[in-house]
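Colleague:
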Amino acid sequence: GAERITVFERADARLRDRGVGIGVHDARYAELRDAGYMADEMPWAPLNRRVWSVRDGDAEHGRAIGTQPFPFRAYNWGSLWSELRRRVPETATYRAGAKVAAVEQDADGVTVRLADGAPERFDLVIGADGYRSVVREAMYPGTGAAYAGYIGWRGTSPDVSGLPSDGLDAHNITFPGGHCMAYRIPDGSGGHRLNWVLYMA
């Protein structure tokens, strides 16, 4: 029922080229599909279990020390972003590279102030602006993110050959001080890449 919708995207067009992976729980996917945001034709790779392993001599895949159900769909972040972007209605104004610097609320609405100082006036603002959210700061001052005691690196590898369980598991290789999670994602060309995230204290 909104007469005017504006989307401010902080990143520019390069956002669509990020090739790392993202997982969507099966139940969340069903909700997003039913709402019209996602569809089965979007490239994805199934995941069934999350397997935790440790090194064990010369064993190629180490030794599994635990498994958990992991009903997820793995996506390539860039292709998923492109699919979601394509579903933004033509009636909405989409402004890439528009960084929101501040949000100011008063009795009559909300002023969104962009990084270049330009003010934009709205009746309602919805924030999905990450861990440094200016929308959250406007609503709940002083409740920003706090360092959790670990860091993470992420990336992808073109090699997905020889994965156990036919690549249907998310693998978590543990070591003193951290672990590395790895799973298949679509590569955007009909094949797969290995997405990995390395966590260290």
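Quick note, my numbering runs 1470 ahead of the 1-based positions in the sequence shown.
Even glycine gets a Cβ: it sits at the ideal position worked out from N, Cα and C.
1) Mapping the DSSP letters down to three states, classify M1670 as helix, strand or coil.
2) Using C-beta distances below 7 Å, list every residue in its chain close to I1621, excluding the 5 sequence neighbours before and after it, in chain order.
3) Which word fits G1632, buried or exposed, when buried means at least 16 other C-beta atoms lie within 10 angstroms of its C-beta?
4) How many Å lie between M1512 and A1577 at the Cα?
5) For R1654, which option in T1644, V1667, G1647 has the closest C-alpha, if you only look at C-alpha atoms?
6) Are there 16 or more other CB atoms within 10 angstroms of the CB of L1550, so buried, or fewer, so exposed?
7) For D1593, I'd like the list of residues in its chain whose CB is within less than 6 Å of its CB, leaving aside the five on either flank, ordered along the chain.
8) What does a CB cutoff of less than 6 Å around N1642 pick up in its chain, not counting 5 residues either side in sequence?
9) Any idea if M1508 is buried or exposed, counting beta-carbon neighbours within 10 angstroms, 16 or more meaning buried?
10) How far does the beta strand (DSSP E) with R1565 in it reach, from first residue to last?
11) Which partner residues does E1607 have in the DSSP bridge list?
12) Beta carbon of V1630, beta carbon of L1584: below 8 Å?
13) Mark F1645 as exposed unless 16 or more other C-beta atoms lie within 10 angstroms of its C-beta, in which case mark it buried.
14) Let's see if you can read the secondary structure: which residues bound the beta strand (DSSP E) around R1624?
15) Counting C-beta neighbours from all protein chains within 10 Å, is the total for G1637 16 or more, i.e. buried, or is it exposed?
16) Within this structure, are the beta carbons of G1493 and R1533 separated by less than 8 Å?
17) What is the DSSP secondary structure of L1723, reduced to helix, strand or coil?
18) Tell me E1574's beta-bridge partners as DSSP assigns them.
19) Under 6 Å Cβ to Cβ from L1502, same chain only, skipping five residues before and after it: list those, please.
20) To the nearest whole angstrom, what separates the beta carbons of E1470 and R1565, a pair I think is in contact under 8 Å?
Modeller: So, from the data block:
1) Here residue 1670 is taken as the residue at index 200 of the sequence shown, counted from 1. Strand, per DSSP.
2) For the purposes of this step, residue 1621 is identified with residue 151 of the sequence shown, where counting begins at 1. M1670.
3) Along the sequence shown, one-based indexing puts residue 1632 at 162. Classification for G1632: exposed.
4) Your numbering for residue 1512 matches position 42 in the sequence shown. Your numbering for residue 1577 matches position 107 in the sequence shown. When rounded, the separation of the alpha-carbon atoms in M1512 and A1577 is 42 Å.
5) Taking the first residue of the sequence shown as position 1, residue 1654 is located at position 184. Ranking the options by Cα distance to R1654, first place goes to V1667.
6) Against the sequence shown, residue 1550 aligns to sequence position 80. L1550 is buried by the Cβ-count criterion.
7) In the sequence shown, the residue the question calls residue 1593 occupies position 123. These residues qualify, in order along the chain: G1579.
8) Reading the sequence shown from its first residue, position 172 is the one you call residue 1642. The answer, listed in chain order, is W1522, H1649, M1651.
9) What you label residue 1508 is simply residue 38 of the sequence shown in a count that begins at 1. Around the beta carbon of M1508, 16 or more other beta carbons lie within 10 angstroms, which makes this residue buried.
10) Against the sequence shown, residue 1565 aligns to sequence position 95. 1563-1566 is the extent of the beta strand (DSSP E) around R1565.
11) Within the sequence shown, residue 1607 is the residue found at index 137, counting from 1. According to DSSP, which records beta bridges pairwise, E1607 is partnered with nothing at all.
12) Mapped onto the sequence shown, residue 1630 falls at position 160. Mapped onto the sequence shown, residue 1584 falls at position 114. Not a contact, by the Cβ cut-off of 8 Å.
13) Translated into positions along the sequence shown, residue 1645 becomes position 175. Exposed.
14) Sequence index remark: in the sequence shown, residue 1624 carries index 154 (1-based). Membership of R1624 in the beta strand (DSSP E) is indicated by the continuous run 1621-1627.
15) Taking the sequence shown and counting its residues from 1, the one referred to as residue 1637 is at position 167. Under a 10 Å Cβ-count criterion, G1637 is classified as buried, with 16 or more other Cβ atoms of the shown protein chains found around its own Cβ.
16) For the purposes of this step, residue 1493 is identified with residue 23 of the sequence shown, where counting begins at 1. For the purposes of this step, residue 1533 is identified with residue 63 of the sequence shown, where counting begins at 1. Not in contact: G1493 and R1533 (Cβ atoms no closer than 8 Å).
17) The question about residue 1723 has no answer here: the residues shown for the chain are numbered 1471 through 1671.
18) Position 104 of the sequence shown, counted from the start, is the residue given in the question as residue 1574. Beta-bridge pairing links E1574 to T1581.
19) Position 32 of the sequence shown holds residue 1502. Result list for L1502: M1508, in chain order.
20) Here the chain covers residues 1471 to 1671 and nothing more, so residue 1470 does not appear.
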